[in-house]
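Numbering (my numbering), first residue to last: -17 to 143. Glycine included, each C-beta is placed from N, C-alpha and C at the ideal position. What you are looking at is a predicted structure, and each value in this text was computed from that prediction instead of being measured. Have a look at the structure below, then the notes.
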Ligand code: SF4
Ligand code: SF4
């Protein structure tokens, strides 16, 4: 985290976030780090840190947070949502922060739509791959699934372009 400039902190930021549907519980965070420890994105990219994002939001680092690229890294997998001991619902908080980033001029609406499509495609592929692996384990023919996955990927990539 970069140096904090106290005069640039926005004390209303956390209330604004908490007032939005989906983010009502985010002030419950007690910074335990379970979200970061269980996040598959954090595992491959340390710059993405859900615990830190909540911390920045609570401190009032509006500009820094809403203009950060890392807002768009979350894969919306809901692992942190399920494991958070405080029921902060981080996945939904991310959605709210993205909406605010668009509204406050830090990202385009097209960027948000594209990210949602990428999340959806990633989820479909993950399900398809899991289904494929299960079929193979049972010794069943999974070749049709491979073709379906290829088609899904090609169509998804075309849509995201
Ligand atoms: S798991 Fe929940 S309480 Fe712990 S740091 Fe993450 S959001 Fe906060
Ligand atoms: S929903 Fe986002 S932040 Fe939470 S574990 Fe999944 S990728 Fe990480």
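Of the candidates 8, 45, 129, the residue whose Cα lies closest to the Cα of residue 82 is 45.
Within the same chain, and ignoring the five residues on either side of residue 96 in sequence, the residues whose Cβ sits closer than 7 Å to its Cβ are 142. For residue 38, the CB stays at least 6 Å from every heavy atom of ligand 2.
Taking a 10 Å sphere around the C-beta of residue 31, we find 16 or more other C-beta atoms and assign the residue as buried. Taking 6 Å as the cut-off, the C-beta of residue 84 does not count as close to any heavy atom of ligand 2. Take the alpha-carbon of residue 126 and the one of residue 114: they are about 9 Å apart.
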